[in-house]
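Novice: Please see the structure below; I have some questions.
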Amino acid sequence: MAAQRSLSPSLAALLGAAAALGPAQAQAQTAAENDSRVGYRFNEYGEDGFHGEAVGSKERYKVYSQQFQFDTRVAGGALDVNATHEVMSGSSPWYVAPGPDNRPIQVLSGATIKEHRNELRAAYTLNPGTSSSTTFSASYSDERDYRATAVGAERSFPLSGALTLGAGASFSHDIIEPTDAVLYDRVRHEEKNTGSAFGSLAWVLDKASVVQAGVQLNRSNGYLSDPYKLVSVGADILPDKRPDARTEAAALVRYRHAFMHPDAALHLDYRYAQDSWGVVAHTFDAACYQHFAGGWQLIPGVRYYSQQAARFYQPFFLDGEHRFQTSDYRLGTYGAFSASLNVRKRIAHWELSGGIERYHASTSYGIDGSDAAVPGVLSYTRGFIGVDYSFD
Amino acid sequence: MQTHRFAFNAMGCPCEFTLESTDRAAAAHAAAAARAEVERLDRKYSHYRDDSLVAALAAAADRGAVIEVDDETAALLDFSAALHAQSAGRFDITAGALTALWDAQRGRVPSADEIAAALARTGWQRVRWQRPRVAFSVKGMRLDLGGVVKEYAADRAAQACRDAGIRHGVIDLGGDLAAVGAHADGSAWRAGIKAPRNPQGALASIELRHGGLATSGDYERALLVDGCRYSHIIDPRSGIPVESFASVSVLADSCLVAGAASTLGMLMGLDEGQAWLQQLGLPFLCVTAAGKVSGTLDLAGHHAMHAPHE
Amino acid sequence: MRSRRGAVFVIGVMLAALLGGCATTPVQPWERGRLARWDMRWDPDGLQAAMDGHTHFSKEGSDGHIGAAGGGCGCN
């Protein structure tokens, strides 16, 4: 999104009043933004070392990502191009073995060689910045063992002065070709298709508040298991096996409120999701964007996530013969808290940003309390620095 | 690409469309649509026709009746209300009775009684505007949208040309300009700002590629009595002319906003006008009666507005 | 189950607040300046939102956002 040169309140008032007088005026608002922007982010993600009983390297994942963005105006619309380059290394949970007294022992993969992932995404928006905009997007992600191509479209419709309807759909086709497939007897080549549709309604409540409610339906078909994970079932160690279809339904409510004194904006989001595998997830997000003199912004935030396990999740299975099985902690019952703090500073055409997040997951944090162990739930620290430059 | 010009009279001033197109018929078609739009607005908001909306509003004001207005008028009234708020009451579409008193054609300074009587019939605060209904709490009030309709018409005419497929041209309604689009080769249109003491000469030339350029000017309409000059910019709160610039020009993304800003700049007067325009943030030019030029508008064209697209 | 009822409750409360908003004062066009500010957007920083979404998508069991879904990845 193009950066915004700050409008004086009187100009904003005039532009707002003029906007009601038709399309010739609506362009006046969007043109107040600079035409083009480039941005760069450097992100570092590091998981805490594994605590608890484990076999294998306890150093978990580390990811360095670089993001590049270029936004500009082209032929009547806005073009947004993103490129991401990631370098990933470290060990990850492989399977859980039942130890003495059936205590779970996490077996981790050995530390992997560095993996790279590249992603390119482009989006083109007609009538940007208005409530009747249309966006077309396409993306491509490529790494040694995974390729994904996706396309999407979304459109917004003004229903009245205060209500805007949004709708969209997207489709993704993924190809998985696990590394060392022969060595570890993994699948060689698998595919997965995902389709998604969503609808939303945004409501201007008053001159300082907006709220949005949305629903989304995702459907995936194909190979949905994790080829790198195994499950201990009875006396065997079997591959991770999940159903070949997954339907997820989600509902979301987002609220934004602007305060004048102090100069700040409050963000509150809640999302509920439930899927055909039995996973139920709640996400609460809150953030406060605070402005200080000199173009400084401080943005503290908190997030709470709670998930209930998929029906076929267990750290390990003592008896045999299950249609589906997984020991992947990402399908277990657990909750996670995270706190973040971001800082932004505007200097003429430049904007510098930086932030840090600390995330901690635990089986005791879930809403649907469970005493069941979920070996492998993780904690991480994430940080980034970024720079943006706007120009005409 | 050829340049096609279409000139006519409307809104009490000479109007000209300059459109670039490879096809004369397409340009003529666009000009006809744009002209129809200007003439529609002229008829609707005219003071000189019995069947205009303004006449209907005047009749309602005299009878003490409530009148319901259409969306376009409602939006213009909302816009006028915003200007009233932004200018702390100096911009007031009910001030027609006052401006008539100080009209150059009367040839004399109005008496205190005449001013008091006109003030009693003036004031946006005396209008009960609850969309879409207008009611007047005092009889004899007059709503004059002339201060916004001309610039609004320029934007509508430019949009009509764009809708008809013309992408290069400029609309000129009596000195208020709205760009259809830059020249086909990307170069800007050039607008001349008149010098106050030499209306035939151009003081400065401003580049316009997109958006609008509006100029509020005083030297042609000021009242001259006994060698004293009384500007036609009246402060509706006191009923007395404001000492102000000879002209204020503002460049904005639409002629409507440019016109509103230049009018407000004039209304704020010599003391506050320039400071207000500075904080507004749009490129502007102020010319005093003595010919002194100041403002942020870069006469070499560096502040020219760029379109959101292209 | 407990959390599903909880979810229905939270969404119900927020929708009630939404519908209760029917009675709020209409916002005049010239009052929309504050709403157009950068920090009032659904996702003010697109790059950051993308990174957050990608991290949560890779490390949790749910999709995590509303809107056009990007392609997946093999993130482990």
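Chains as they are written, first to last, in this note's numbering: chain P, 473 to 864; chain A, 2 to 311; chain D, 24 to 99. Every residue gets a Cβ at the ideal spot worked out from N, C-alpha and C, and that includes glycine.
Quick one: what does DSSP say residue 824 (chain P) is sitting in, helix, strand or coil?
Specialist: Note: residue 824 (chain P) maps to strand in three-state DSSP.
Novice: Run the CB neighbour count on residue 15 (chain A), radius 10 Å, all protein chains shown included, and call it buried at 16 or more, exposed below.
Specialist: Per the 10 Å Cβ criterion, exposed.
Novice: Identify each residue in the stretch 758-785 of chain P for which the Cβ-Cβ distance to at least one residue of chain D is less than 8 Å, and report them in chain order.
Specialist: From the stretch 758-785 of chain P, only 761, 763, 769, 777, 778, 779, 780, 782 have a Cβ closer than 8 Å to chain D.
Novice: Here's the rule I'm using: 16 or more other beta-carbon atoms within 10 Å means buried, otherwise exposed. How should residue 588 (chain P) be labelled?
Specialist: So residue 588 (chain P) counts as exposed.
Novice: What residues of chain A sit near residue 483 (chain P), judged by a beta carbon separation below 7 Å?
Specialist: Residues of chain A passing the Cβ test: 281, 282, 283.
Novice: Could you give the distance in angstroms between the alpha-carbon of residue 101 (chain A) and the alpha-carbon of residue 95 (chain A)?
Specialist: Their backbone Cα atoms lie some 12 Å apart in a straight line.
Novice: With a 10 Å radius around its C-beta and 16 neighbouring C-beta atoms as the bar for buried, classify residue 82 (chain A) as buried or exposed.
Specialist: It counts as buried.
Novice: Am I right that residue 151 (chain A) and residue 170 (chain A) are in contact with their C-beta atoms under 8 Å? What's the rounded C-beta distance?
Specialist: With a Cβ gap of about 18 Å, residue 151 (chain A) and residue 170 (chain A) do not count as contacting.
Novice: Expressed to the nearest angstrom, what Euclidean distance is found between the alpha-carbon atoms of residue 657 (chain P) and residue 557 (chain P)?
Specialist: About 29 Å.
Novice: Mind checking residue 636 (chain P): buried by the 16 CB within 10 Å criterion, or exposed?
Specialist: Buried, because 16 or more other Cβ atoms sit within 10 Å of the Cβ of residue 636 (chain P).
Novice: Output the distance between the C-alpha atoms of residue 712 (chain P) and residue 640 (chain P), rounded to the nearest integer angstrom.
Specialist: Their backbone Cα atoms lie some 33 Å apart in a straight line.
Novice: Closer than 8 Å by C-beta to residue 27 (chain A): which residues in its own chain qualify, once you throw out the five before and the five after it? Chain order, please.
Specialist: Result list for residue 27 (chain A): 165, 166, 167, in chain order.
Novice: Which residues in chain A have a C-beta closer than 7 Å to the C-beta of residue 906 (chain P)? List them in chain order.
Specialist: There is no way to answer for residue 906 (chain P), as the model of chain P reaches only from 473 to 864.
Novice: I'd like to confirm the pairing. Which residues does DSSP put opposite residue 514 (chain P) in its beta bridges?
Specialist: Partner(s): P:538, P:857.
Novice: How many Å lie between residue 531 (chain P) and residue 549 (chain P) at the Cα?
Specialist: Taking the straight line from one Cα to the other gives about 47 Å.
Novice: If you measure beta-carbon to beta-carbon, which residues of the stretch 508-534 of chain P are closer than 9 Å to chain D?
Specialist: Against chain D - using a Cβ distance shorter than 9 Å - the residues of the stretch 508-534 of chain P are 511, 512, 513, 515, 517, 519, 533.
Novice: Under a Cβ-count criterion, where at least 16 other Cβ atoms within 10 Å of its own Cβ denotes burial, should residue 629 (chain P) be classed as buried or exposed?
Specialist: Exposed, because fewer than 16 other Cβ atoms sit within 10 Å of the Cβ of residue 629 (chain P).
Novice: Where do the N-terminal and C-terminal ends of the alpha helix (DSSP H) with residue 275 (chain A) fall, by residue?
Specialist: Per DSSP, residue 275 (chain A) belongs to the alpha helix (DSSP H) from 256-281.
Novice: Give a yes or no on whether 8 Å exceeds the smallest Cβ distance from residue 714 (chain P) to chain D.
Specialist: Not closer than 8 Å to any Cβ of chain D, the Cβ of residue 714 (chain P) fails to qualify, so no.
Novice: What residues from chain A crowd round residue 480 (chain P), counting only those whose CB sits closer than 8 Å?
Specialist: The answer, in chain order, is 280, 281, 282.
Novice: Mind pulling the alpha helix (DSSP H) runs of 4 or more residues that sit fully within the stretch 660-684 of chain P?
Specialist: Taking only runs of at least 4 residues, no alpha helix (DSSP H) segment lies wholly in the stretch 660-684 of chain P.
Novice: Do residue 42 (chain A) and residue 74 (chain A) have their C-beta atoms within less than 8 Å of each other?
Specialist: No, the pair does not count as a contact, with Cβ atoms beyond the cut-off.
Novice: Can you say whether residue 768 (chain P) is buried or exposed, counting buried as having 16 or more other CB atoms within 10 angstroms of its CB?
Specialist: The residue in question, residue 768 (chain P), is exposed, as its Cβ has fewer than 16 Cβ neighbours within 10 Å.
Novice: Out of A:162, A:296, A:71, A:237, which has the shortest C-alpha to C-alpha gap to residue 131 (chain A)?
Specialist: Nearest option by C-alpha distance: A:71.
Novice: Mind checking whether residue 625 (chain P) and residue 591 (chain P) have CB atoms under 8 Å apart?
Specialist: Contact: no.
Novice: Just confirm the distance between the C-beta atoms of residue 716 (chain P) and residue 695 (chain P), as a whole number of angstroms; I'd bet it's less than 8 Å.
Specialist: Between residue 695 (chain P) and residue 716 (chain P) the Cβ distance is about 7 Å, and since that is below 8 Å, they are a contact.
Novice: Determine which residues of the stretch 62-81 of chain D have a Cβ less than 9 Å from any Cβ of chain P, and write them out in chain order.
Specialist: Those residues of the stretch 62-81 of chain D that come within reach of chain P (Cβ to Cβ, closer than 9 Å) are 62, 63, 64, 65, 66, 67, 68, 69, 70, 71, 73, 74, 75, 77, 78, 79, 81.
Novice: Run through chain D and tell me which residues come within less than 8 Å of residue 684 (chain P), C-beta to C-beta.
Specialist: Near residue 684 (chain P) (Cβ distances below 8 Å), the residues of chain D are 65.
Novice: On the three-state DSSP scale, how would you describe residue 77 (chain D)?
Specialist: Reduced to three states, the DSSP call for residue 77 (chain D) is helix.
Novice: Enumerate in chain order the residues of its own chain whose CB-to-CB distance from residue 45 (chain D) is below 6 Å, with the five nearest sequence positions on each side excluded.
Specialist: With a pLDDT of 48 at residue 45 (chain D), under the threshold of 50, the modelled position of this residue cannot be trusted; read the value that follows with caution. So the list is empty, once near-sequence residues are dropped.
Novice: How many angstroms separate the CA atom of residue 500 (chain P) from the CA atom of residue 487 (chain P)?
Specialist: For residue 500 (chain P), the pLDDT reaches just 39, beneath the cut-off of 50, and the residue's location in the model is therefore unreliable, although a value from the coordinates is still provided. Answer to the nearest angstrom: the Cα atoms are 7 Å apart.
Novice: Going along chain P, which residues have a C-beta under 8 Å from residue 186 (chain A)?
Specialist: Going along chain P, no residue has its Cβ under 8 Å from residue 186 (chain A), so there is no contact; the nearest lies around 17 Å.
Novice: Using DSSP bridges, identify the partner residues of residue 169 (chain A).
Specialist: For residue 169 (chain A), which the question treats as bridged, DSSP gives the partners A:21.
Novice: Decide if residue 819 (chain P) is buried, meaning its Cβ has at least 16 other Cβ atoms within 10 Å, or exposed.
Specialist: Classification for residue 819 (chain P): exposed.
Novice: For residue 574 (chain P), does the three-state DSSP call read helix, strand or coil?
Specialist: Residue state, collapsed to three classes: helix.
Novice: In whole angstroms, what is the alpha-carbon distance linking residue 745 (chain P) and residue 85 (chain D)?
Specialist: C-alpha separation (whole angstroms): 7 Å.
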